[in-house]
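Data first, discussion second: the structure below is written as structure tokens.
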Amino acid sequence: MSRLLILFPCSHMGNLLIALPHLRAMLTAQQDALLVVSQRYQTLVEQSLPDETRLLYYPEQSLTRQTPLLQRARSYLQLVMTMRRFKAKVVVDIEGEQKSATLARLSGAGERIGPRRRHGQWLYTRQRQADWSGHRWQAYASLSCPAAKSPAHYLPLKDTVAGQDEANRILEGAHKSDTLIVIHAGATKTYKIWHAEQFAALCQRLRRAGLTPLLIGAGQKDRQQIARIQSFLCEPVIDLCDQLSLNGLIALLKRSRGFVGNDSGPMHLAAACGLPTVALFGPTDDTLWRPLSPDARVLRWQPCHKSCERCSCALDSYPCLQRITVDQVVNTLEELGVIPLSHSGPVKTLRIS
Numbered sequence: 017m018s019r020l021l022i023l024f025p026c027s028h029m030g031n032l033l034i035a036l037p038h039l040r041a042m043l044t045a046q047q048d049a050l051l052v053v054s055q056r057y058q059t060l061v062e063q064s065l066p067d068e069t070r071l072l073y074y075p076e077q078s079l080t081r082q083t084p085l086l087q088r089a090r091s092y093l094q095l096v097m098t099m100r101r102f103k104a105k106v107v108v109d110i111e112g113e114q115k116s117a118t119l120a121r122l123s124g125a126g127e128r129i130g131p132r133r134r135h136g137q138w139l140y141t142r143q144r145q146a147d148w149s150g151h152r153w154q155a156y157a158s159l160s161c162p163a164a165k166s167p168a169h170y171l172p173l174k175d176t177v178a179g180q181d182e183a184n185r186i187l188e189g190a191h192k193s194d195t196l197i198v199i200h201a202g203a204t205k206t207y208k209i210w211h212a213e214q215f216a217a218l219c220q221r222l223r224r225a226g227l228t229p230l231l232i233g234a235g236q237k238d239r240q241q242i243a244r245i246q247s248f249l250c251e252p253v254i255d256l257c258d259q260l261s262l263n264g265l266i267a268l269l270k271r272s273r274g275f276v277g278n279d280s281g282p283m284h285l286a287a288a289c290g291l292p293t294v295a296l297f298g299p300t301d302d303t304l305w306r307p308l309s310p311d312a313r314v315l316r317w318q319p320c321h322k323s324c325e326r327c328s329c330a331l332d333s334y335p336c337l338q339r340i341t342v343d344q345v346v347n348t349l350e351e352l353g354v355i356p357l358s359h360s361g362p363v364k365t366l367r368i369s
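The number in our numbering is simply the position in the sequence shown, starting from 1, with 16 added.
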């Protein structure tokens with residue numbers, strides 16, 4: 017194959033974790049290749065692709081609206097010029113976002129391959145029909161050349177010394193690793209978020225079982241959700257929101273017993289770390305986005321109504337997600353061996369103040 021440019025500057029961690037095996041397969045097959053990925057996940061990429069130097073990072077943080085316009089223009093122009101100096105003959109874009117399709121057009125490559133999208137006819141020279149009939153892994157596989165071998169899987173992740181030191185410093189050695197259970201109660205979209213009251217009740221159950229729940233997250237939405245959870249509890253849960261780097265989070269996940277969270281990037285990260293994982297799904301399709309791990313379980317109360325949309329629930333209040341019970345989560349954690357069967361205890365109703 018001619019000199020190959022692989023584009024995947026996607027800002028969603030879950031998408032990247034699913035795509036990485038295919039990205040590695042293309043790098044392995046083509047010696048003269050360059051992979052463009054988001055700088056936000058540089059740590060994750062370097063852990064998944066150790067010793068790989070054929071990487072170019074999309075400067076996502078430098079392109080936000082908070083950055084002065086001239087600085088944004090310089091960062092983008094530098095990226096484009098670096099791609100053009102690579103002199104790729106072929107570009108492959110397996111995500112097909114507007115930004116990656118635009119980069120394909122600006123790359124200077126004569127052959128530009130991407131999925132069949134509305135904007136693709138102007139930006140690609142060849143559009144491929146992705147296989148959307150199954151998991152997103154399958155769609156990425158249908159667009160990769162070559163794809164990773166089945167069955168679907170994540171690339172292995174290892175925690176670093178720096179990550180271990182960070183986790184030790186934050187926890188201060190006060191909590192045994194065999195009692196830790198990580199909870200990510202937030203998500204990028206409101207319709208993906210299980211009620212704060214339910215998360216608070218779950219934390220109570222876990223404490224009575226002798227476990228130590230840890231709340232993780234980043235950004236304003238996660239902070240607000242954690243504050244709501246804490247308001248339902250007499251004794252606050254350990255809050256690690258905005259306190260962990262990606263290295264530190266991986267190290268924390270590696271030493272924990274289990275994970276509970278909404279459909280989100282941290283859910284995929286926990287599953288990729290080999291952690292027993294309970295994924296709470298609502299209007300998003302777990303057929304497309306389920307975690308790729310034999311130690312992961314998906315919970316949903318019921319299938320969505322045929323007229324439901326992600327941002328508009330035909331049955332009101334998203335019962336598919338919000339009627340998942342604490343008992344269901346606890347029972348699933350027991351099945352996964354996270355909670356000893358004799359220690360889960362009954363549910364107590366929280367009083368809303």
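For each residue, glycine too, the CB sits at the ideal point set by N, CA and C.
- Across the structure, R134 and G112 are spaced so that their CA atoms are roughly 10 Å apart.
- The beta strand (DSSP E) runs lying completely inside the region 112-168 and spanning 3 residues or more are 127-131, 142-144, given in chain order.
- Taking all protein chains in view, the Cβ of Q114 is surrounded by fewer than 16 other Cβ atoms within 10 Å, so the residue is classified as exposed.
- Shown here, L268 sits in a helix according to DSSP, grouped into three states.
- Contact between A125 and V107 is confirmed by a C-beta separation of about 4 Å, below the 8 Å threshold.
- For G281, the three-state secondary structure derived from DSSP is helix.
- Boundaries of the alpha helix (DSSP H) around F102: 85-102.
- The DSSP-derived three-state label of P335 is helix.
- In the displayed model, D194 falls within a helix according to three-state DSSP.
- Between the alpha carbons of R128 and L249 lies a gap of roughly 54 Å.
- Boundaries of the beta strand (DSSP E) around T293: 293-296.
- In the three-state DSSP reduction, D258 falls in the coil class, being neither helix nor strand.
- Sequence-distant partners of Q214 (beyond 5 residues in either direction) whose C-beta falls short of 7 Å from its own C-beta, in its chain, are V342.
- In the three-state DSSP reduction, D302 falls in the helix class (H, G or I).
- By the Cβ criterion, the region 296-311 is not in contact with the region 216-224, since fewer than three pairs of Cβ atoms, one from each stretch, lie closer than 8 Å.
- For D109, the enclosing beta strand (DSSP E) starts and ends at 106-109.
- Contact check for H284 against L20 fails: the beta carbons are separated by 8 Å or more.
- Distance between F297 and A203, taken at the CA atoms: about 11 Å.
- If you keep only unbroken beta strand (DSSP E) runs of at least 3 residues inside the region 176-237, you get 196-200, 228-232.
- Taking the Cα of I266 as reference, the smallest distance to any Cα among Q63, L93, S149 is reached at Q63.
- Note that the region 175-182 touches the region 264-279; at least 3 beta-carbon pairs, one per stretch, sit closer than 8 Å.
- Within the model, the alpha-carbon separation for G235 versus S280 is close to 14 Å.
- Within a 10 Å sphere around the beta-carbon of P66 sit fewer than 16 other beta-carbons, which makes this residue exposed.
- The shortest CA-to-CA distance from I197 to any of K165, Q137, T293 is the one to T293.
- Pairwise C-beta distances place the region 79-91 out of contact with the region 41-59, as fewer than three of them are shorter than 8 Å.
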